[in-house]
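Undergrad:
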């Protein structure tokens, strides 16, 4: 049996399904990261209003961040499921080893696509929903949503479950 290691406090969503106790770590960690990113981004974009912006948007941004990570994970799970029935070398190369990290260029791009799907979902959810009622300029909302998307995308998809 291979050793399972915790490489970071933030995990891909599929790990939460495999190891339900990880919810106790990931929920506070993701909330803390989302809070930090909103506070820093709002401080940079809207001097003196970071705390107000954080209070009005953190819970929606946190929830939609998790949902966006689920969508990226769903893409990987769907591809993994498809790879189990496919004889296509391309599909298998992209999705077969998603839990072991990218072992090929196709695997790398498959994981990159999942991260990108999550990041795009984070951007639009934050811009259209989480930051909708904020009393800041539209350009500032877009920039803050972009900061959230880039900083909180699930890059941990690239961390292998086993080494």
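Residue numbers (this note's numbering): 3 to 165.
The C-beta atom is built at its ideal place from N, Cα and C for all residues, glycine as well.
Just so it is clear, the structure is predicted and the values come from calculations on it, not from any experiment.
Taking the alpha-carbon positions, what's the residue 52 to residue 138 distance?
TA: Distance between the alpha carbons of residue 52 and residue 138 is about 11 Å.
Undergrad: Do you know offhand how far residue 91's Cα is from residue 123's?
TA: The straight-line gap from Cα to Cα measures roughly 29 Å.
Undergrad: Report the rounded CA-to-CA distance for residue 130 versus residue 27, giving the unit in angstroms.
TA: Residue 130 and residue 27 have their C-alpha atoms some 28 Å from each other.
Undergrad: Tell me the DSSP secondary structure of residue 138 in three-state form.
TA: coil
Undergrad: Assuming residue 63 is part of the alpha helix (DSSP H), what are its boundary residues?
TA: Counting along the chain, the alpha helix (DSSP H) containing residue 63 begins and ends at 52-87.
Undergrad: Out of 149, 135 and 158, point me to the one whose CA is closest to residue 57's CA.
TA: Considering only alpha carbons, the answer is 135.
Undergrad: From residue 46 to residue 54, what distance separates their C-alpha atoms?
TA: Residue 46 and residue 54 have their C-alpha atoms some 14 Å from each other.
Undergrad: By alpha-carbon positions, which one of 25, 35, 95 and 50 ends up nearest to residue 152?
TA: 35
Undergrad: Would residue 140 and residue 66 be called neighbours here (beta carbons separated by less than 8 Å)?
TA: no
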